[in-house]
Amino acid sequence: MKRALTPGTFDPITSGHLDVITRAAQLVDEVVVAVAASQKKGPLFTLEERTALARQATAHLPNVRVEPFDGLLVDFAHEIGASIVVKGLRAVTDFEYEFQQTALNYQLSPELETVFIMSPPQYMYLSSSIVREIASMNDAKLDEFVPACVAEALRAKFAR
Ligand code: PNS
24 MKRALTPGTF
34 DPITSGHLDV
44 ITRAAQLVDE
54 VVVAVAASQK
64 KGPLFTLEER
74 TALARQATAH
84 LPNVRVEPFD
94 GLLVDFAHEI
104 GASIVVKGLR
114 AVTDFEYEFQ
124 QTALNYQLSP
134 ELETVFIMSP
144 PQYMYLSSSI
154 VREIASMNDA
164 KLDEFVPACV
174 AEALRAKFAR
């Protein structure tokens, strides 16, 4: 059984994330969406909220499950028996950061393979931080960028 991890902070999960997860799910037997605690990033949504939103957003994908984790990605991959890490690659600006993380993870665990899925043009500049910014200013535009359950959660978060 080929099991892949799609890790991230998912604060919150976006349509771009969902595109990568959906495409990864077509390539392997099972995808585990690994929601990192990422406390240092001071996330808008709690780990429980981010996990719940990712679960709702991926509920229609039968070979996808969502798990929170705290600690090293390579340790979590071993714990759940994943042999592949799948990440999305958007604009060139992602490259340096992803290159660094991939090199580090390789050093920590050479048998864990990292592969990248290129974002399609409509998600090339989409990120959770952009989505949070849009939500804080004009929540009418959210539905273009996130699944409906996430748009609802963002509206509730920013309700004044
Ligand atoms: O969505 P993000 O914030 O870009 O995802 C980054 C993430 C969570 C994949 C990365 O920070 C991570 O793997 N964190 C777990 C801790 C870890 O393993 N750090 C060393 C690898 S860089």
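Residue numbers for the sequence shown follow the numbering used here, so the first one is 24 and each next one is one higher. Even for Gly, the Cβ is constructed at its ideal location relative to N, Cα and C. Note that the coordinates shown come from a computational prediction; the quantities given were computed from them, not determined experimentally.
{"Check": "Nearest-residue set for ligand 1, Cβ under 6 Å from any heavy atom", "Outcome": "Pro-30, Gly-31, Thr-32, Ala-59, Ser-61, Leu-95, Leu-96, Gln-124, Leu-127, Asn-128"}
{"Check": "Touch test, the stretch 140-152 against the stretch 101-118, Cβ-Cβ under 8 Å, three pairs minimum", "Outcome": "yes"}
{"Check": "Beta-carbon spacing of Ala-57, Leu-28 below 9 Å", "Outcome": "yes"}
{"Check": "CA-to-CA distance, Leu-70 to Leu-96, given in whole angstroms", "Outcome": "15 Å"}
{"Check": "Supposed close pair Leu-149, Thr-37 - CB separation, criterion 8 Å", "Outcome": "6 Å"}
{"Check": "Asp-93, buried or exposed, once every other Cβ within 10 Å from all chains shown has been counted against 16", "Outcome": "exposed"}
{"Check": "Bridge partner(s) assigned by DSSP for Glu-90", "Outcome": "Ala-57"}
{"Check": "Extent of the continuous alpha helix (DSSP H) to which Ala-176 belongs", "Outcome": "171-181"}
{"Check": "Exposed unless 16 or more other CB atoms sit within 10 angstroms - verdict on Val-55", "Outcome": "buried"}
{"Check": "Reduced DSSP secondary structure (H/G/I, E/B, other) of Thr-45", "Outcome": "helix"}
{"Check": "Endpoints, the beta strand (DSSP E) within which Leu-28 is located", "Outcome": "26-31"}
{"Check": "Contact check, Val-51 vs Arg-26, beta carbons under 9 Å", "Outcome": "yes"}
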